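Here the structure is laid out as structure tokens; the discussion comes afterwards.
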Amino acid sequence: MPTTTLSAALLTVSNMDGLPWSTPIWQSLTKIHGIPWYYADTAKDDSPTPNYSGWTVKVAKAVKVFAQNVWDLTESSQEKYIVARHADNDSEGRLAWQKFIKELRISVNINKTIDSVLTEHDRGPYQVLQQHNTTSVSNNYFTIGLGCKHSQLPTLDDAQVSDARLYVAAGLLGDEGLLPGGRALSPSVLKFINTLLAITWNRYRKALNSEVTK
Numbered sequence: 024m025p026t027t028t029l030s031a032a033l034l035t036v037s038n039m040d041g042l043p044w045s046t047p048i049w050q051s052l053t054k055i056h057g058i059p060w061y062y063a064d065t066a067k068d069d070s071p072t073p074n075y076s077g078w079t080v081k082v083a084k085a086v087k088v089f090a091q092n093v094w095d096l097t098e099s100s101q102e103k104y105i106v107a108r109h110a111d112n113d114s115e116g117r118l119a120w121q122k123f124i125k126e127l128r129i130s131v132n133i134n135k136t137i138d139s140v141l142t143e144h145d146r147g148p149y150q151v152l153q154q155h156n157t158t159s160v161s162n163n164y165f166t167i168g169l170g171c172k173h174s175q176l177p178t179l180d181d182a183q184v185s186d187a188r189l190y191v192a193a194g195l196l197g198d199e200g201l202l203p204g205g206r207a208l209s210p211s212v213l214k215f216i217n218t219l220l221a222i223t224w225n226r227y228r229k230a231l232n233s234e235v236t237k
């Protein structure tokens with residue numbers, strides 16, 4: 024599965040009933056208590072938005088238009104448009120969105136939650152290396168010995184990380200990401216969780232490779 028950016032993953036999934044911003048667990052992780060670009064129709068352009076005071080209504084309007092334009096694109100075109108560097112009619116909204124993701128460090132608590140859930144369910148990087156007969160593995164997160172049989176993490180599929188998808192979704196979104204019955208994810212949430220896991224696995228791999236080459 025190709026990895027993507029967190030800013031792209033969050034923007035594309037947000038076309039689905041306000042997820043993930045509408046869920047209490049996500050709100051507690053990000054400290055953003057609702058859709059960040061929401062504003063009242065009667066609000067003045069220079070007033071702050073209720074869910075993120077770092078934006079004025081004018082900026083939120085630009086972000087909302089940017090998001091809607093992204094949602095109107097085909098799936099294969101969305102990320103390229105989200106990360107585009109050339110100037111266009113969505114430049115203000117695009118830059119505001121990227122700055123929002125970076126400055127609020129949205130990824131920090133999300134990463135901590137994913138790491139905790141994967142480790143709890145024996146799919147953390149240390150556990151996966153052990154399961155694949157890696158020798159000389161330290162429990163100091165990603166540190167491994169140079170004499171190990173595998174200096175690379177196995178693929179997501181080989182590590183069977185998909186077994187933990189429901190638990191990751193529950194840790195980030197609670198029951199709101201589940202279909203009725205509670206044992207399956209909605210298609211948009213499934214794609215979102217798969218993308219977050221791909222981003223996570225790439226983060227693990229980079230950290231592991233950094234340790235090996237020290």
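Per the working numbering, residue 24 is the first one in the sequence shown, and the count goes up by one each step.
By construction, the Cβ of each residue, glycine as well, lies at the ideal position given by its N, Cα and C atoms.
Quick caveat: nothing in here was measured; it's all calculated off a predicted structure.
Query raised in the report: Hey, out of Val-36, Leu-42, Val-212 and Lys-67, whose CA is closest to Val-93's CA?
Result: What you label residue 93 is simply residue 70 of the sequence shown in a count that begins at 1. It is Val-36.
| Whole alpha helix (DSSP H) runs in the stretch 70-108 with 4 or more residues, listed along the chain? | 80-94 and 98-105
Please report the distance separating the alpha-carbon of Lys-135 from that of Gly-77. The residue labelled residue 135 in the question sits at position 112 within the sequence shown. The residue labelled residue 77 in the question sits at position 54 within the sequence shown. Roughly 24 Å separates the two Cα atoms.
Alpha-carbon to alpha-carbon, Arg-228 and Leu-189
Indexing the sequence shown from 1 puts residue 189 at position 166. Indexing the sequence shown from 1 puts residue 228 at position 205. Approximately 22 Å, taken between the alpha carbons.
| Distance between Gly-57 and Ser-45 (C-alpha atoms, nearest Å) | Counted from its first residue, the sequence shown places residue 45 at position 22. Counted from its first residue, the sequence shown places residue 57 at position 34. Those two C-alpha atoms are separated by around 5 Å.
What separation, rounded to the nearest whole angstrom, lies between the Cα atoms of Ser-211 and Ala-66? Here residue 211 refers to the residue found at position 188 of the sequence shown. Here residue 66 refers to the residue found at position 43 of the sequence shown. Between Ser-211 and Ala-66, the C-alpha separation is close to 31 Å.
>> Going by DSSP, what residue range makes up the alpha helix (DSSP H) through Gln-50?
In response: For the purposes of this step, residue 50 is taken as residue 27 along the sequence shown, with counting starting at 1. Residues 47-53.
Where does Leu-202 land, buried or exposed, given buried means 16+ other C-beta within 10 angstroms?
Within the sequence shown, numbered from 1, the residue matching residue 202 stands at position 179. Looking at its Cβ environment, which holds fewer than 16 other Cβ atoms inside 10 Å, Leu-202 is exposed.
Query raised in the report: Which residues share a DSSP beta bridge with Leu-208?
Result: Residue mapping note: residue 208 aligns to position 185 of the sequence shown, counting from 1. Leu-201.
| query | Could you give the distance in angstroms between the alpha-carbon of Thr-142 and the alpha-carbon of Lys-125? | reply | Taking the sequence shown and counting its residues from 1, the one referred to as residue 142 is at position 119. Taking the sequence shown and counting its residues from 1, the one referred to as residue 125 is at position 102. For Thr-142 and Lys-125, the distance between alpha carbons rounds to 26 Å.
Requested in this report: Out of Phe-89, Ala-230 and Leu-29, state which residue places its alpha-carbon closest to the alpha-carbon of Leu-127.
Outcome: Against the sequence shown, residue 127 aligns to sequence position 104. Of the candidates Phe-89, Ala-230 and Leu-29, the one whose C-alpha sits nearest the C-alpha of Leu-127 is Leu-29.
Next on the checklist: Can you give me the C-alpha to C-alpha distance between Tyr-75 and Val-151, rounded to a whole angstrom?
Outcome noted: For the purposes of this step, residue 75 is identified with residue 52 of the sequence shown, where counting begins at 1. For the purposes of this step, residue 151 is identified with residue 128 of the sequence shown, where counting begins at 1. Taking the straight line from one Cα to the other gives about 39 Å.
Check: CB-CB under 6 Å to Gln-101, same chain, minus the five flanking residues each way: which ones, in chain order?
Finding: Taking the sequence shown and counting its residues from 1, the one referred to as residue 101 is at position 78. Closer than 6 Å at the Cβ level, and outside the excluded window around Gln-101, lie Thr-35 and Val-93.
Within the same chain, show all residues whose beta-carbon is closer than 8 Å to that of Arg-206, passing over the 5 residues directly before and after it, in chain order.
Taking the sequence shown and counting its residues from 1, the one referred to as residue 206 is at position 183. Taken in chain order, the residues that qualify are Leu-189.
>> Given this structure, state the Cα-to-Cα distance separating Pro-59 from Asp-69, to the nearest angstrom.
In response: Residue 59 sits at position 36 when you count from the first residue of the sequence shown. Residue 69 sits at position 46 when you count from the first residue of the sequence shown. Taking the straight line from one Cα to the other gives about 16 Å.
- Query: Ends of the alpha helix (DSSP H) at Ser-37?
  - Reply: Taking the sequence shown and counting its residues from 1, the one referred to as residue 37 is at position 14. First-last for Ser-37: undefined, no H or E at that position.
* **Sequence-distant residues of its chain with Cβ nearer than 7 Å to Trp-120 (five each side left out)** => Position 97 of the sequence shown, counting from 1, holds the residue named residue 120. So the qualifying residues of the chain are Ser-30, Leu-34, Val-86 and Phe-89.
Rounded to whole angstroms, what's the CA-CA distance from Asp-138 to Ser-114? Just pull it up for me. Start at 1 with the first residue of the sequence shown, and residue 138 comes out as number 115. Start at 1 with the first residue of the sequence shown, and residue 114 comes out as number 91. The alpha-carbon atoms of Asp-138 and Ser-114 are separated by roughly 34 Å.
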